[in-house]
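Data first, discussion second: the structure below is written as structure tokens.
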Amino acid sequence: MSTHYGKKASEKVGKALHELKKGELKSGTSGKTVKSRKQAIAIGLSEARKAGGKVPPTKH
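Under my numbering, the first residue of the sequence shown is numbered 680, with each subsequent residue one higher.
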């Protein structure tokens with residue numbers, strides 16, 4: 680991870696990628712199984728933000 684991200688972000692993204700590999704990672708709204716690595720990373724960063732981790736805001 681880059682220096683922009685804190686330890687909590689690294690842990691959350693790692694956990695999300697692990698769940699993705701096992702086929703257990705679900706998207707928040709629809710509940711469908713996530714198959715994209717990029718989406719798994721986005722979910723991990725989002726969870727880290729909610730947990731108060733050091734993560735830059737999303738770019739719109």
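Glycine included, C-beta positions come from ideal geometry on N, C-alpha and C.
Predicted model, so just to flag it, every value in this text is computed and none were measured.
Distance CB(residue i)-CB(residue j) smaller than 8 Å
{"i": "Ala730", "j": "Lys686", "result": "no"}
Helix, strand or coil at residue i [DSSP, three-state]
{"i": "Lys733", "result": "coil"}
{"i": "Gly693", "result": "helix"}
{"i": "Ala688", "result": "helix"}
{"i": "Lys738", "result": "coil"}
Residue(s) in a DSSP beta bridge with residue i
{"i": "Thr712", "result": "Lys705"}
Residue i versus residue j: straight-line alpha-carbon distance, rounded
{"i": "Ala688", "j": "Lys711", "result": "23 Å"}
{"i": "Pro736", "j": "Val713", "result": "22 Å"}
{"i": "Ala695", "j": "His739", "result": "23 Å"}
{"i": "Leu724", "j": "Val734", "result": "7 Å"}
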